[in-house]
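A.B. asks: My questions will all concern the structure given below.
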Amino acid sequence: MPANTTMTPWDRVTVARHPQRPRALDFVGDLCDDFIELHGDRQLSDDRALIGGVATFRGRSIMVLGNQKGRNTRENLERNFGMARPQGYRKALRLMRHAEKFRLPLINFIDIPGADPGPTSEEHGQAMAIADNIHALADLEVPTIAIVIGEGGSGGALALGVADRVLMLENSVYTVASPEASASILWKDATQAPAAAAAMRITAPELLDFELIDAIIAESPPAHEDTAKAIAATGDAIEQHLSELEDVLAGEYGLQTLLDLRYQKYRKIGRWQETSKP
Amino acid sequence: MREIFRRQPKFRPTSGGDDGRLQVPDDLWVKCPKCQELSYTKEHLRALRVCHRCGYHYRIPAIDRIAMLADEDSFTEWDNELRTADPLGFRVGDESYQDKAVSTASKAGIPEAVVSGLLAIGGRPLAVVVTDFAFMGASMGSVYGEKLTRACERAVEREIPLLTVSCSGGARMQEGLFSLLQMAKTTTALTRLGHARLPHFSLLTDPCYGGVTASYATVADVVMAEPGARIGFAGPRVIEQVTRQKLPEGFQTAEFLLEHGLIDTVVPRGDLLTTLAILIDFYQNARNPRPARETAPAELAHSTANGTSDAG
Ligand SMILES: [Zn+2]
Numbered sequence: 363m364p365a366n367t368t369m370t371p372w373d374r375v376t377v378a379r380h381p382q383r384p385r386a387l388d389f390v391g392d393l394c395d396d397f398i399e400l401h402g403d404r405q406l407s408d409d410r411a412l413i414g415g416v417a418t419f420r421g422r423s424i425m426v427l428g429n430q431k432g433r434n435t436r437e438n439l440e441r442n443f444g445m446a447r448p449q450g451y452r453k454a455l456r457l458m459r460h461a462e463k464f465r466l467p468l469i470n471f472i473d474i475p476g477a478d479p480g481p482t483s484e485e486h487g488q489a490m491a492i493a494d495n496i497h498a499l500a501d502l503e504v505p506t507i508a509i510v511i512g513e514g515g516s517g518g519a520l521a522l523g524v525a526d527r528v529l530m531l532e533n534s535v536y537t538v539a540s541p542e543a544s545a546s547i548l549w550k551d552a553t554q555a556p557a558a559a560a561a562m563r564i565t566a567p568e569l570l571d572f573e574l575i576d577a578i579i580a581e582s583p584p585a586h587e588d589t590a591k592a593i594a595a596t597g598d599a600i601e602q603h604l605s606e607l608e609d610v611l612a613g614e615y616g617l618q619t620l621l622d623l624r625y626q627k628y629r630k631i632g633r634w635q636e637t638s639k640p
Numbered sequence: 060m061r062e063i064f065r066r067q068p069k070f071r072p073t074s075g076g077d078d079g080r081l082q083v084p085d086d087l088w089v090k091c092p093k094c095q096e097l098s099y100t101k102e103h104l105r106a107l108r109v110c111h112r113c114g115y116h117y118r119i120p121a122i123d124r125i126a127m128l129a130d131e132d133s134f135t136e137w138d139n140e141l142r143t144a145d146p147l148g149f150r151v152g153d154e155s156y157q158d159k160a161v162s163t164a165s166k167a168g169i170p171e172a173v174v175s176g177l178l179a180i181g182g183r184p185l186a187v188v189v190t191d192f193a194f195m196g197a198s199m200g201s202v203y204g205e206k207l208t209r210a211c212e213r214a215v216e217r218e219i220p221l222l223t224v225s226c227s228g229g230a231r232m233q234e235g236l237f238s239l240l241q242m243a244k245t246t247t248a249l250t251r252l253g254h255a256r257l258p259h260f261s262l263l264t265d266p267c268y269g270g271v272t273a274s275y276a277t278v279a280d281v282v283m284a285e286p287g288a289r290i291g292f293a294g295p296r297v298i299e300q301v302t303r304q305k306l307p308e309g310f311q312t313a314e315f316l317l318e319h320g321l322i323d324t325v326v327p328r329g330d331l332l333t334t335l336a337i338l339i340d341f342y343q344n345a346r347n348p349r350p351a352r353e354t355a356p357a358e359l360a361h362s363t364a365n366g367t368s369d370a371g
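Each protein sequence line maps, in turn, to chains H and R.
Whatever position you read off the first sequence (first residue = 1), add 362 for my numbering.
Whatever position you read off the second sequence (first residue = 1), add 59 for my numbering.
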């Protein structure tokens, strides 16, 4: 991937948001057989910005969840620009429990600018819906893999992003706040977004260095230029990591080991200093 | 002044006045930021810093909250030696994150946005984690996450409940994804408490937004809020930018959340101690029935943060 080493963080943001970049349903369509989409949260509605369903992946029965962006204005209006609402997260939670019941590994495709920030989503408990999903994923009793395929936008991404393995496509980004929001909050100037993109360390290679993600899926060329190749590489990465997790599960005390490893993975995240005790 | 403050003089209540925090202790009067009513300071402290006219609950420093709850001399602080690191090498203009953290700590009088420890309520031991808005808007960074995680683990070891009292502006942006992932870390830590069937009580205080509301603070077994506290995922300014409309009066208040089914109860500050004592006894009894503790819930009284002995 020598071509990509010259890309700035802002270049990657642009690529991660490219309208022709493959979407969650493109990955599912190419990688899975017999996908049956399962709709609705059983309370309010069906959120089209977050899709889920059962599928067969290289011989295995799995559950997939994904943030779904559109490709044009009409699709984006239908998909709310990929910004999930509480009813989307509650559908996801329902399907996580479904996965647990039937021992289906969970594969989550993350591509979200941020959770929907509208007043109706607040009324419906956006924060609580996200929190419940993080809580459920923390000790969900199946192997879990999350893949950032485009934008990993803040808490809205983390609601699908707590997993045994967190992978990123090479040109995806994963942010605590979008570069534009970071720039307006910290630089008091939204036009500083490219500088913020660099300072916030949002690219896959930087996050791998920090050990905040587990692996990078190469894009050569960028996924919108050769979609089939990027998706196939993603499939191989899923298969590799899923096999490793299945091996853990097959061992003695397999499920407990899987959950302990997940606990330890999150337990150690953070950097601090310790002064001498007073 | 209670014993904990005498032993740890750096924890004296601060006098930063930007956000409705107390301008005293030295002033004779305080002015309510909501209704402008003046209160005599001693009365104000005895009322637990709640406006006697409009009921406004002043924002209070973490140590004052702890002092209001803890039995005399019962508080032991945990992990006070943890300090912010600078994982991203972050700077805006001339100021590095490290410099900002150090100058904030000296201004706010606390080393980080969280104070945690062990205290007792009428003899009932409780692990507590309390945030302080004066330290970078109580944003959640690595120290915050680690202190909360350790408090969960110690609560499990000691088989005691956990109380979190949270206000927060959201993520500690300067720590980038390290900050976001504290949501996962803290929520994951809570699963151990849950597996041990130990309760987590969460009190949301003004203002509580972003990653804190969207993680550990709202997955508690009992989610409480102080009257009037503003609580949400997106802040009002962000929402107004999206909708280009003014938000209605009372949007995102504790009472609004209660009406929309998003929290369990609204607890006025004066009722918190009794409510906690009842809850602790209830879940303790559910785990392992045993006789009542030394002080019945109804006999407990909040102490004022600045002293229990100022009877006149
Ligand atoms: Zn007032």
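For every residue, glycine included, the Cβ atom is placed at its ideal position computed from N, Cα and C.
These numbers come from a predicted model, not from an experiment.
Nearest-angstrom Cα distance between residue 256(R) and residue 184(R)?
C.D. replies: Cα-Cα distance, rounded: 16 Å.
A.B. asks: Roughly how many angstroms separate the alpha carbons of residue 100(R) and residue 347(R), rounded to a whole number?
C.D. replies: Taking the straight line from one Cα to the other gives about 44 Å.
A.B. asks: I want to verify the contact list: residues of chain H whose CB lies under 8 Å from the CB of residue 142(R), in sequence order.
C.D. replies: Those are 634, 635, 636, 637, listed as they occur along chain H.
A.B. asks: Just to make sure I have the definition right: I need the residues of chain H whose C-beta is within less than 7 Å of the C-beta of residue 311(R). Which are they?
C.D. replies: Near residue 311(R) (Cβ distances below 7 Å), the residues of chain H are 484.
A.B. asks: Based on the DSSP secondary-structure assignment, which residues constitute the bridge partners of residue 395(H)?
C.D. replies: According to DSSP, which records beta bridges pairwise, residue 395(H) is partnered with 418(H).
A.B. asks: Can you tell me which of the three DSSP states residue 434(H) falls into?
C.D. replies: Three-state DSSP puts residue 434(H) in coil, outside helix and strand.
A.B. asks: Taking the continuous alpha helix (DSSP H) assigned at residue 254(R), which residues delimit it?
C.D. replies: Per DSSP, residue 254(R) belongs to the alpha helix (DSSP H) from 235 to 254.
A.B. asks: In its own chain, which residues sit with a C-beta less than 7 Å from the C-beta of residue 599(H), not counting the 5 before and 5 after it?
C.D. replies: Here the set comprises 529, 577, 579.
A.B. asks: In angstroms, rounded to a whole number, what distance separates the CA positions of residue 490(H) and residue 274(R)?
C.D. replies: Each residue's alpha carbon lies about 8 Å from the other.
A.B. asks: Can you check whether the CB of residue 553(H) is closer than 8 Å to the CB of residue 526(H)?
C.D. replies: Result no, Cβ atoms of residue 526(H) and residue 553(H) do not sit closer than 8 Å.
A.B. asks: Let me make sure I understand the geometry here. Which of 603(H), 615(H), 584(H) has the alpha-carbon closest to that of residue 644(H)?
C.D. replies: Not covered by the structure: residue 644(H). The range shown for chain H is 363 to 640.
A.B. asks: Flag this pair as touching only if the stretch 110 to 122 of chain R and the stretch 187 to 200 of chain R have three or more C-beta atom pairs under 8 Å; answer yes or no.
C.D. replies: The answer is yes - the stretch 187 to 200 of chain R touches the stretch 110 to 122 of chain R, with three or more Cβ pairs under 8 Å.
A.B. asks: Closer than 8 Å is the cut-off here; do at least three beta carbon pairs connect the stretch 287 to 297 of chain R with the stretch 309 to 317 of chain R?
C.D. replies: At 8 Å Cβ cutoff, the stretches touch.
A.B. asks: Quick check on DSSP: helix, strand or coil for residue 470(H)?
C.D. replies: Residue 470(H): strand per DSSP, three-state reduction.
A.B. asks: Anything in chain H within Cβ reach of residue 241(R), meaning under 9 Å, just list it in chain order.
C.D. replies: Chain H residues near residue 241(R): 631, 632.
A.B. asks: Less than 8 Å between CB atoms is the rule here; does residue 244(R) satisfy it with respect to chain H?
C.D. replies: Yes - at least one Cβ of chain H is within 8 Å of the one on residue 244(R).
A.B. asks: Within the chosen definition, does the stretch 191 to 208 of chain R reach the stretch 225 to 238 of chain R through at least 3 CB pairs nearer than 8 Å?
C.D. replies: Segments in contact, yes.
A.B. asks: For the stretch 493 to 514 of chain H, enumerate the residues whose C-beta is nearer than 7 Å to any C-beta of chain R, in chain order.
C.D. replies: Correct list: 493, 494, 496, 497, 500, 501.
A.B. asks: Can you tell me whether residue 105(R) sits near ligand 3, meaning its C-beta is under 7 Å from at least one heavy atom of the ligand?
C.D. replies: As far as ligands go, the structure on display features ligand 1 and does not contain ligand 3.
A.B. asks: Could you work out which residues of chain R lie near residue 534(H), taking near to mean beta carbons separated by less than 7 Å?
C.D. replies: Those do not exist, as residue 534(H) stays about 13 Å from chain R at its closest Cβ, beyond 7 Å.
A.B. asks: If you measure from each CB to the nearest heavy atom of ligand 1 and keep those under 6 Å, what residues do you get, in chain order?
C.D. replies: Cβ-based neighbours of ligand 1 within the cut-off: 91(R), 93(R), 94(R), 96(R), 110(R), 112(R), 113(R), 115(R).
A.B. asks: Taking only the alpha-carbon atoms, compute the straight-line gap between residue 470(H) and residue 394(H) and give it to the nearest angstrom.
C.D. replies: Rounded to the nearest angstrom, the two C-alpha atoms are 13 Å apart.
A.B. asks: Pop quiz: residue 446(H) and residue 411(H) are said to be a contact at Cβ under 8 Å. What is the actual Cβ separation, rounded to whole angstroms?
C.D. replies: About 5 Å separates the two Cβ atoms, so the contact holds.
A.B. asks: Quick one: what's residue 260(R) bridged to in DSSP?
C.D. replies: DSSP, once it has assigned bridges, lists 222(R), 281(R) as partnering residue 260(R).
A.B. asks: Taking Cβ-Cβ distances below 9 Å as the criterion, which residues of the stretch 466 to 480 of chain H are in contact with chain R?
C.D. replies: Listed by position along the chain: 476, 477, 478, 479, 480.
A.B. asks: Listed from N- to C-terminal order along the chain, which residues in the stretch 550 to 572 of chain H have their beta-carbon within a distance smaller than 8 Å of any beta-carbon of chain R?
C.D. replies: Within the stretch 550 to 572 of chain H, the residues whose Cβ lies closer than 8 Å to some Cβ of chain R are 561, 562, 563, 564, 569, 572, listed in chain order.
A.B. asks: Tell me which residues of the stretch 413 to 430 of chain H have at least one Cβ-Cβ distance to chain R shorter than 7 Å, keeping chain order.
C.D. replies: Within the stretch 413 to 430 of chain H, no residue has a Cβ that lies closer than 7 Å to any Cβ of chain R.
A.B. asks: Determine the burial state of residue 581(H): buried for a count of at least 16 other Cβ atoms within 10 Å of its Cβ, exposed for fewer.
C.D. replies: The residue in question, residue 581(H), is buried, as its Cβ has 16 or more Cβ neighbours within 10 Å.
A.B. asks: Compare the C-beta of residue 354(R) against all C-beta atoms of chain H and say whether one is closer than 8 Å.
C.D. replies: No - not a single Cβ of chain H is within 8 Å of the one on residue 354(R).
A.B. asks: Along the stretch 278 to 308 of chain R, where does the CB come closer than 7 Å to a CB of chain H? Name the residues.
C.D. replies: Answer set for the stretch 278 to 308 of chain R: 278, 291, 292, 293, 297, 298, 301, 302, 306.
A.B. asks: Could you pull out every unbroken alpha helix (DSSP H) segment of at least 4 residues lying fully inside the stretch 103 to 168 of chain R, listed in chain order?
C.D. replies: Taking only runs of at least 4 residues, the alpha helix (DSSP H) segments lying wholly in the stretch 103 to 168 of chain R are 121 to 128, 156 to 167.
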